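K.L.:
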Amino acid sequence: MKPAAPSTRSVSPTAPQPDHGTNHPTGGERAHNHDASPADTLYQHHATGHERAHNHDAQSVGPQPVRGIYQLLASHTLETWTSRSWEFAGPIWLADLVPDSLLPLSIYGVVVCLGAILAGPRIGKYVDSHTRWNAVWITVVIAKVAMVLAALLLHAWFLTVQHPDGSVASTLRGWFGPSGVQNAFLAVLCILGLVIKWSNMGYVISVERDWVVVMTNHESTVLSHTNAWIRRIDLLSKMLAPLAMAAVTTGFKPLIATLALGGFALVDMVLELILFTHVRKHHPRLSQPKETPDDSDTDPDHHIAGAESTSPILVYLRHPVLLASLAMAALYLTVLSFGGTMIAYLKTEQHLDDNIIAGARAVAAVMGVGATWLAPFLIDRVGPERAGLWSIWLQALTLAPTVVTKTVDPWLLVACVTVSRVWLWTFDLAHAQVMQDAVAAHEVGAVNGVHLAMCSVGDVLTYVLTLVWTRPDQFPIPMRISVGCVLVGAILWTAYSARVRKHLVHWERVPLLRGSRD
């Protein structure tokens, strides 16, 4: 695939908005579609940057604003803020309730991850079998209701702990016995945690993999910038929501804080539904059944084998994006992030100051947000496949110095992990656009549902690494395994890129080789 010409469009998400459904050719077909009329090129095919550079008539027709994009971004902000708040507060409250053991936290984390693995394909199938609107509002309502119930459950649990002689504690002891109350609370909390996780997976598949494609009408440049804003909101919420929630958990008693989070989840649900309804009014396709191969001519570059199969796993395994998906899933098996394992190692074994660790973590977060500006710039110019190829190999090269030496230099480790976040999130956005471009509308749920399940496999295997090598002084072993997984991901993406682009290097552009051929 040839590099796309530099875009002269504004970075704000804009795109033409037809109401009819079309099939969108991928790069291979668009490259040969130079005879299309300006209207066809702009409203049906949405050529890549390279074709637009040679189609001055199509460029002369200016793009129209993406209707409802700001409402979508606002609703996504609410969704991610609430989810990140729960992810932060839930474990803290659970640790407060059972302070003498980490087992409940471990059980909760493993159950949620395993549930994501087992249910991912079914969730994807559910998304494919419903209209885009139904898939979103149902997942939003279920997630928020489950979060409210979980907050009420934790509130009741705190009541039994703080007031063991109260009516609530006495009633529960009568139902479950003196030793069964804690187990009952934990079991129900795990079930609600699963429901929240499943609903969030359905939301990600629906909104991040499908709605934005429909709203931008698959226009490559606009799609890359919209994806960047989606990820930018994710990363900022991941940074800021825990800070806000920490102020709540430290400033108020748990009995009040749990109710506050539950109340916010209810308000969030109402606001999200209002905003999504506004978006839906601007895009009738969101309320219509998804296009299938029987409804229109099918893009030859889109994989449709297995579309009639009832097994999402078979659709996933037969799909051309399999290698690309596995490349991303490989990156989920890692301890090289500023999480608990690496922080414990830096503090106990390398004796780094808390302020240094906190500062490095903040810089890494800023690097990740910065990548959301770099990625669309790169994707617009060289395409998502090549942008992904460059970024994942740069990530591997950035992390390589941590494993080439026999001893681990803490400063080198911190520097490499911090810088690698730029390439990690650049690759993430390139991968997201590949999944959007290559997966047909009727297969979005099936492919992405299994993909998210495979990513959860990486999360579970990370748990396994920390269970096998439990001591902080053994951290270099899972660290090397993590770097190896990045290398595996780079190789898988290289194989995918070579298959799609039919080459890896433009040998004709190498001066020495070009001269010898002449």
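Numbered as in numbering that gives the first Met the number 0, the sequence shown ends at 517 without a single skipped number. Backbone N, C-alpha and C fix where the C-beta goes; we use that ideal spot for every residue, glycine too. Since this is a predicted model, take the numbers as computed values, not measurements.
Report all residues from its chain with a CB closer than 6 Å to the CB of histidine 302; omit the five preceding and five following residues, and keep chain order.
P.N.:
Note that histidine 302 scores a pLDDT of 43, beneath 50, so its modelled location is shaky and nothing firm can be said.
K.L.:
Can alanine 150 and threonine 257 be called in contact, C-beta distance under 7 Å?
P.N.:
Cβ atoms of alanine 150 and threonine 257: closer than 7 Å.
K.L.:
From asparagine 226 to tyrosine 344, what distance separates their C-alpha atoms?
P.N.:
Approximately 34 Å between the Cα atoms of the pair.
K.L.:
Rounded to whole angstroms, what's the CA-CA distance from leucine 191 to valine 140? Just pull it up for me.
P.N.:
Cα-Cα distance, rounded: 13 Å.
K.L.:
What is the rounded straight-line gap between the Cα of alanine 429 and the Cα of aspartate 436?
P.N.:
Each residue's alpha carbon lies about 11 Å from the other.
K.L.:
Drop a sphere of 10 angstroms on the beta-carbon of tryptophan 156, count the other beta-carbons inside from all chains shown, and report buried for 16 or more, exposed for fewer.
P.N.:
Buried is the call here.
K.L.:
Histidine 240 lies in the alpha helix (DSSP H); which residues open and close that run?
P.N.:
The question names histidine, but residue 240 is alanine in the sequence shown. Start and end: 219–250.
K.L.:
Quick one: what does DSSP say alanine 399 is sitting in, helix, strand or coil?
P.N.:
It is coil, neither helix nor strand.
K.L.:
Just to confirm my understanding: we take leucine 393, look at its own chain, exclude 5 residues before and 5 after, and list those with CB closer than 6 Å. What are they?
P.N.:
The answer, listed in chain order, is Trp422.
K.L.:
Report all residues from its chain with a CB closer than 7 Å to the CB of leucine 412; omit the five preceding and five following residues, and keep chain order.
P.N.:
Correct list, in chain order: Thr401.
K.L.:
DSSP state of alanine 439, grouped into three classes?
P.N.:
Alanine 439: coil per DSSP, three-state reduction.
K.L.:
Return helix, strand or coil for tyrosine 331, following the three-state DSSP convention.
P.N.:
Tyrosine 331 falls in the coil class under three-state DSSP.
K.L.:
Can you tell me whether histidine 350 is helix, strand or coil according to DSSP?
P.N.:
The answer is coil: DSSP assigns histidine 350 none of H, G, I, E or B.
K.L.:
Please report the straight-line C-alpha distance between alanine 406 and threonine 417, rounded to a whole angstrom.
P.N.:
The question names alanine, but residue 406 is threonine in the sequence shown. So the alpha carbons of these two residues sit roughly 19 Å apart.
K.L.:
Cα-Cα, which of Tyr462, Val433, Pro409 is closest to aspartate 472?
P.N.:
For the residues Tyr462, Val433, Pro409, the minimum Cα distance to aspartate 472 belongs to Pro409.
K.L.:
Distance check for glycine 165 and tryptophan 228, CA to CA, integer angstroms please.
P.N.:
Roughly 49 Å separates the two Cα atoms.
K.L.:
Which stretch, first to last residue, makes up the alpha helix (DSSP H) that contains serine 286?
P.N.:
Here serine 286 belongs to no alpha helix (DSSP H), and DSSP marks it neither H nor E.
K.L.:
Roughly how many whole angstroms lie between the Cα atoms of aspartate 298 and valine 111?
P.N.:
Because the pLDDT of aspartate 298 is 48, which lies under 50, any placement of that residue in the model is unreliable, and the number read from its coordinates should be weighed accordingly. Looking at the two C-alpha atoms, the distance is approximately 37 Å.
K.L.:
Residues in its own chain within less than 6 Å of alanine 329 by CB, not counting five upstream and five downstream?
P.N.:
So the qualifying residues of the chain are Cys484, Val487, Gly488.
K.L.:
Under 8 Å by Cβ, that's how I've got arginine 83 and serine 205 pegged, so tell me the actual separation to the nearest angstrom.
P.N.:
Not really, about 19 Å apart at Cβ, beyond 8 Å.
K.L.:
Determine the contact status of glutamate 384 and serine 223, defining contact as a CB-CB distance below 7 Å.
P.N.:
For glutamate 384 and serine 223, no; Cβs fall outside 7 Å.
K.L.:
Please confirm whether methionine 146 has its beta-carbon closer than 7 Å to some beta-carbon of chain C.
P.N.:
The displayed structure is made up of one protein chain only, and chain C is not part of it.
K.L.:
Would you kindly work out how many angstroms separate the C-alpha atoms of arginine 500 and arginine 380, rounded to a whole number?
P.N.:
Going from the Cα of arginine 500 to the Cα of arginine 380 covers about 15 Å.
K.L.:
Is proline 120 helix, strand or coil by DSSP?
P.N.:
In this structure, proline 120 counts as helix in the three-state DSSP scheme.
K.L.:
Since isoleucine 122 and glycine 201 should fall inside the 8 Å C-beta cutoff, what is the C-beta to C-beta distance between them, to a whole number of angstroms?
P.N.:
So it is a contact: roughly 5 Å between Cβ atoms.
K.L.:
Taking only the alpha-carbon atoms, compute the straight-line gap between proline 103 and leucine 265 and give it to the nearest angstrom.
P.N.:
Approximately 27 Å, taken between the alpha carbons.
K.L.:
Restricting to Cα atoms, I'd like to know which of Arg360, Leu316, Ala88 is closest to valine 438.
P.N.:
Nearest of Arg360, Leu316, Ala88 to valine 438, Cα basis: Leu316.
K.L.:
Which of helix, strand or coil does DSSP assign to lysine 501?
P.N.:
Note: lysine 501 maps to coil in three-state DSSP.
K.L.:
What's the gap between the Cα of alanine 73 and the Cα of aspartate 267?
P.N.:
Answer to the nearest angstrom: the Cα atoms are 11 Å apart.
K.L.:
Leaving aside the five residues before and after histidine 277 along the sequence, list all residues of the same chain whose C-beta is less than 7 Å from its C-beta, in chain order.
P.N.:
Same-chain partners within the cutoff: Gly67, Gln70.
K.L.:
From proline 90 to leucine 272, what distance separates their C-alpha atoms?
P.N.:
Cα-Cα distance, rounded: 28 Å.
K.L.:
At the level of alpha carbons, what is the spacing between glutamate 207 and histidine 154?
P.N.:
Spanning the two alpha carbons is a distance of roughly 33 Å.
K.L.:
Span of the alpha helix (DSSP H) holding tryptophan 210?
P.N.:
Per DSSP, tryptophan 210 belongs to no alpha helix (DSSP H) and is neither H nor E.
K.L.:
Can you give me the C-alpha to C-alpha distance between leucine 464 and proline 477, rounded to a whole angstrom?
P.N.:
Leucine 464 and proline 477: Cα-Cα distance of roughly 6 Å.
K.L.:
Rounded to whole angstroms, what is the Cα-Cα separation between lysine 196 and leucine 373?
P.N.:
Answer to the nearest angstrom: the Cα atoms are 30 Å apart.
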